[in-house]
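In terms of our numbering, the sequence shown is numbered consecutively and its last residue is 603. First up is the structure itself, then whatever we jot down about it.
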Amino acid sequence: MLDAPQPASVTTALLPRPPMPTRERSQVEAFLVLRRNPLELWGAAAYEQDILGGRFLGREQLMLNSPEAIRHVLVANHENYGRNIGARRVLQPLLGRGLFLADGAAWRHQRRTIAPAMSPRTMPVLSRHVVAAARHTEAELDRLIGQPIVLMPHLQHLALQIAGQSMFSLEMAGFGAELRALVVEYARRFAQPGALDLLLPIAIPSPLDLGRGAFRADWLRFIDRLIDARAAQAPAEGGPRDLLDMLAAARDPATGAGFGRAQLRDEVATMILAGHETTAVTLFWACYIAARLPDQQDRLAAEAATADLSEDNAADALRSLPAIRAHVDEALRLYPPAFLIVREALAPDVIAGRRVAAGTVVSVSPWVLHRHRKLWDDPDRFDAERFMPGAIPPDRYSYMPFGAGPRICVGAQFALTEAVLVLARLLRSFRISFAGRGAVMPRGFVTTQPDRPVHFVLERRP
Ligand code: HEM
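As structure tokens, this is what we get:
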């Protein structure tokens, strides 16, 4: 039977997604779904129409799927669209006035200071930290070979270690567990907006705000300890050694003022938090898909095996990992960690011919956009070929896991470098098999998470 046709290798699949509602929901039902899993909110129309309008809890809402409308809000007239009340209430206790929540002149100054530390120029230094931390995780996983393990906590610790080490030269071993415990507690108690969070003006504290305020005091004490631990290290000789040195040295070009201690705390908290959970879930979905598609996984492992993934050469190796990069890009399409980007109109405007009143909540959902019927062929199918060199790249405003415009993710390059290198190292060392039962559903809970702890079994690759 030498001539019998071999089965084509399977590198694409329809992966599970939450069901779509089949009828219009009442406001109360929609609110309950929002708390349970926002990814279940949108019906078929959302994946077909250019713009969806409606009212929710007394406010006008618009969701944009048309590239032209998205460009208008996030780029052309971005100054008219600020962060919404829900995001401010939920994130302010953790991120304070750091880059994510800042606006106006303060935002411009912070962005100018932080962006250079995240630019492609700094990726070789980052790659070293990524490889060093990944080595450590590989050794840890090596001890768990052959038994069912929940991979996510390993990926979260890895991403946290990389964030702390590369941005703040901090060994996170002494802080990682406490930081994760604080974040998990906050997420459980305060991250989901209550009805009053969305209804009350920001100046009036909601019941949840009171608990959030108390949490902030503990949180700031923790971040202070991080900064003190760093201050106890020998000072930098010559130029800045990392982001913290750059922040400490920065002066506002207009006023000459530096970042005070309070601002430094918010910046450290913002960069560590924004930088690690999103990357950890990206790695989770990339591993999960690889486990569901063993042929695809073998192909990626073969590519990784040919690359030099050592500390000295990892930055250069990125160029020789196009299939792994395409796998990550496609995982970010189907499971975008930031599933909803929300703004609030500050003044009346017109978006794609529609009048928009001040106060309208305008959103772009990468989750919906990336599965939109008009923008993608066979949108629910995983197919990394879409992102391989030579494929026609997607429209700028149809694919935006990192957002777009002046507030595009400042860590996008960082995240992609980290995800590609870590995945390459993991797949080169291990064959990852899914050991759970049933479909793993994505759930929107701060980021796009798996709906439960997912077990995998690792084998050592020859
Ligand atoms: C796969 C990983 C990541 C994803 C999917 C992601 C996604 C995003 C998105 C969609 C935005 C724009 C939000 C908006 O317009 O409202 C954003 C902003 C931001 N991200 Fe990321 N991010 C990731 C990794 C990182 C990393 C590694 C860092 C830090 C090292 C970071 C720091 C930030 C900050 C500070 C902002 C706010 C920027 C500003 O407002 O100027 N992110 N991110």
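Each residue gets a CB set at the ideal place from its N, CA and C atoms; glycine is no exception. Small disclaimer: the values here were computed from a predicted structure and weren't measured.
Residue i versus residue j - alpha carbon distance
i	j	result
H596	F571	15 Å
F316	L414	13 Å
V325	S310	24 Å
L143	L203	Annotation note: pLDDT 39 at L143 (below 50); position unreliable, no value reported.
A171	L568	40 Å
E600	V561	20 Å
Y538	R433	29 Å
H295	H513	33 Å
R484	E209	16 Å
P376	S207	50 Å
P542	E378	38 Å
N178	G579	18 Å
G494	L156	36 Å
A431	D350	41 Å
Q607	L450	Nothing about residue 607 can be read from this structure; the chain reaches only from 142 to 603.
R489	P583	Checking the sequence, you will find Pro at residue 489 rather than Arg. Going from the Cα of P489 to the Cα of P583 covers about 35 Å.
When the options are compared against residue i, the one with the closest alpha-carbon
i	options	result
V505	V272, G194, A314	G194
R229	P381, L341, A456	L341
Y188	G199, L173, L175, L205	L205
W508	E181, P162, L155	E181
Q190	F555, K515, S268	K515
V272	P583, L405, R484, E559	E559
A467	E165, P535, P334	P535
P394	L285, T254, P157	T254
A372	L349, P334, E312	E312
R269	V491, L459, H219	L459
Ligand 2 heavy atom lying under 7 Å from the CB of residue i
i	result
I533	What this structure holds is ligand 1, not ligand 2.
Residue i (DSSP reduced to helix, strand or coil)
i	result
I255	helix
T278	helix
T447	coil
S574	strand
V214	helix
M204	strand
R593	coil
Close beta carbons around residue i, own chain, < 8 Å, minus the five adjacent residues each side
i	result
A332	V231, F586, V587
Close beta carbons around residue i, own chain, < 6 Å, minus the five adjacent residues each side
i	result
A304	I413, G416, H417
L564	A427, I465
L215	A545, G546
R238	D407
A353	Position check: residue 353 holds Arg in this sequence, whereas Ala was assumed. Answer for R353: P234, F331, listed in chain order.
7 Å Cβ shell around residue i - same chain, five flanking residues per side excluded
i	result
L242	R224, R229, L232, Q233, L236
D365	R406
Y540	R474, H511
task = Entirely within the segment 494-572 and at least 3 residues each: give me those beta strand (DSSP E) ranges in chain order.
result = Listed in chain order, the beta strand (DSSP E) runs fully inside the segment 494-572 are 495-497, 502-505, 522-524, counting runs of at least 3 residues.
task = Return the chain-ordered ranges of every beta strand (DSSP E) run that is complete within the segment 436-492 and spans a minimum of 3 residues.
result = 482-486, 490-492
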